[in-house]
Each structure stands twice: as structure tokens, then as C-alpha cells.
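Heads up: the sequence shown runs through residues 25 to 315, numbered per my numbering.
Quick reminder that beta carbons are idealized off the backbone N, C-alpha and C, glycines included.
Quick caveat: nothing in here was measured; it's all calculated off a predicted structure.
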Amino acid sequence: MVKYKQGIIFLISFYFVLILSCFINFCSNNAWATSDPTITAAAAVAIDAETGVILYQKDAFKLKAPASTTKILTAILAIESGRLDELVTVSKRAAAVGESSIHLRTNDQLTLRELVHGALIKSGNDACVAIAEHLSPTEEEFVGMMNFKARLIGAYNTTFYNTNGLPHRYHLTTAYDLALIARYALQNPVFSKIVVTKEYTLHWTNPRRSAYIRNTNKLLWTLPGATGVKTGTTNQAGNCLVASAMNNGHHIIAVVLNSRNRYGDAQKLLEYGMKTKEIQSNAEKRAKSAK
């Protein structure tokens, strides 16, 4: 009887250890083992660019000022217009827009394509107004198109009041909405090629001149696999960044708003997203092989 009880205890102990080992092994290879990154941003999100699934979020649905990340939507509308080779004449109003600019002058002429490059790479506020005035009677009407497009994309909490993200009390969006907008825009080959461009020479048609510009997104130099997309900075919004990267077939989009370390935060989220996707991919492979 004693030996029988000892045998039962042994079997129970054996199966307990076996189950515990399996549990530990599962956790070590599961997304649970990927601890959330510590970031400084007030709001942030990381999504799978392929599926749109959220991989990380911190106040991702809270309304925030987006600064120049607004230009992602301005640019994709310009690209989708199919009018990139049209010549644009710069208005006095567009030339007068300050802050970050590509130094447009009244009556300058250059193609819409060059203006899109200036908006996305150099973050030209003046370029955005020139784009809007060429594609619509007024900037205000173009902004209406932007807001309509945002709804179509699924960015339901986005309301823009200008094309460039200059401060406006009600010019607001969310980290999640920006991720959706970026995901949509990156599917366009023209857009995706521009936002990964580190350096570019803008060419004016009239008067004939050129200007060298450098991408404001420093991750293009520091993060292997970086694929874009847009910086933004104002006193109201703080330091913002919509970033994307691809590695081992995984494409991740990260958004950080009002960050004290936007590049560090974005890199952490991109790497976290990559790791999470890799863990999920490995788990799926093991599940298939076990069948």
C-alpha cells in the first residue's frame, strides 16, 4: 500500500514538472514573454503594416496634435490625383508660409511632383499650401478632401484644419489614425519611394534653379530596414514621428506623439513589433508542423 501511494505521488510529481516545463517553454516563445517597451511619448502605437493589427498601444486613441505628420495625407492626395507632372505656379499666399519651408517665391513654377518631394522630405509648409491651391480652388477646400479621405481610410477621429500641421486648436488626430493613414499611403509605390529617400535635389522650372534637401527622418540613417515615413514638430504637438521598418518579411509602422525622444521611442516600438511578429510566426510554424 505504501509503495502504491509512493508510485502515485511520483507520477503526480512527474506530470506536474512536465506540465510546468511545457508552460515555461510556451511562455518563453510566446508574445507574453515580450515585455512592453518603456517610452517617453504621450501617445503611441505600433501596428502590423500588412494586417493593421495593433501590436502595442499607449493612449493610441487619445486626440493629439500631429504637427507635420499631417503632410502624409496631403502628399498621398496629391499623388493619387494623377497630376504629378503638371506645372504649379506658386501664389503669394503659399510663398508667405513660414516655419519649415523649401523657400518658394511668388510666381515660382515647378511640378507638383517636386512639391510633393519638398513636403515629405524637407517638410515644406509652403509646398503643402501650393499643392492644395493647385488641386483645389482654396486650401480650405483641399483640407475638406483630406478629412473625407481620412474617413475613407478609417481614421474616424482625425480632423485637420490645414495641409501642413501648423498649430490650430482643433487640428487633431490620434496615434492610431496616423498609423492607418501611413499604412494606406505606404501601399502607394510613389509615396513609399519618396519617404525612404535620404537626399534629393529639387528642380524649379521657372526660374531655373535647384536646391539640395535632406530627409528630416533620422531613422533612415540609423535604423537598418527603415522605410519612412514623416517627422513633425511644433510647440503644441511636441516631437512627433511616424516611422516604419521592414525586417525578415515583417513590416511594422510606429507612431509616437509628443515624445521627449522620438527616434529612440520609435525604434523601440519597431523592434518590439518585429520581435512580436517573429514570435507569432514561429508559433504558427510549430503549430502547423505539429498537425
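Item: Consult DSSP for Ala278 and reduce its assignment to one of helix, strand or coil.; Value: strand
Item: To the nearest angstrom, how far is the alpha carbon of Ala314 from that of Tyr200?; Value: 36 Å
Item: Is it true that the stretch 206–217 meets the stretch 235–242, where meeting means three or more beta-carbon pairs spaced less than 8 Å apart?; Value: no
Item: Starting from Arg207 and walking both ways along the alpha helix (DSSP H), at which residues does that stretch end?; Value: Ala199 to Leu210
Item: What are the start and end residues of the beta strand (DSSP E) that includes Glu164?; Value: Here Glu164 belongs to no beta strand (DSSP E); instead the alpha helix (DSSP H) covers Glu163 to Ile177.
Item: What does the alpha-carbon distance come out to for the pair Ile277 and Val266?; Value: 7 Å
Item: Bridge partners of Ser283, per DSSP?; Value: Asn263
Item: With a CB to CB cut of under 6 Å and the five nearest residues on each side skipped, what residues in its chain are close to Met270?; Value: Gly249 and Thr251
Item: With Thr135 and Ile155 assumed to form a contact (beta carbons below 8 Å), what rounded beta-carbon distance in angstroms separates them?; Value: Actually they are not in contact, since the Cβ atoms of Thr135 and Ile155 sit about 11 Å apart, beyond 8 Å.
Item: Taking just the CA atoms, how far does Asn272 sit from Asp60?; Value: 21 Å
Item: What would DSSP say about Ile237, mapped onto helix, strand or coil?; Value: strand
Item: In the DSSP assignment, find the beta strand (DSSP E) that holds Asp72 and state where it starts and stops.; Value: Ala67 to Asp72
Item: Could you give the distance in angstroms between the alpha-carbon of Phe184 and the alpha-carbon of Lys301?; Value: 33 Å
Item: Which of the three DSSP states, helix, strand or coil, is assigned to Ala55?; Value: With a pLDDT of 36 at Ala55, under the threshold of 50, the modelled position of this residue cannot be trusted; read the value that follows with caution. In this structure, Ala55 counts as helix in the three-state DSSP scheme.
Item: Over what stretch of residues does the alpha helix (DSSP H) that includes Glu223 continue unbroken?; Value: Per DSSP, Glu223 belongs to no alpha helix (DSSP H); it is in the beta strand (DSSP E), Glu223 to Trp228.
Item: If you compare alpha carbons, which of Pro231, Arg310, Leu190 and Ala307 is closest to Gly256?; Value: Leu190
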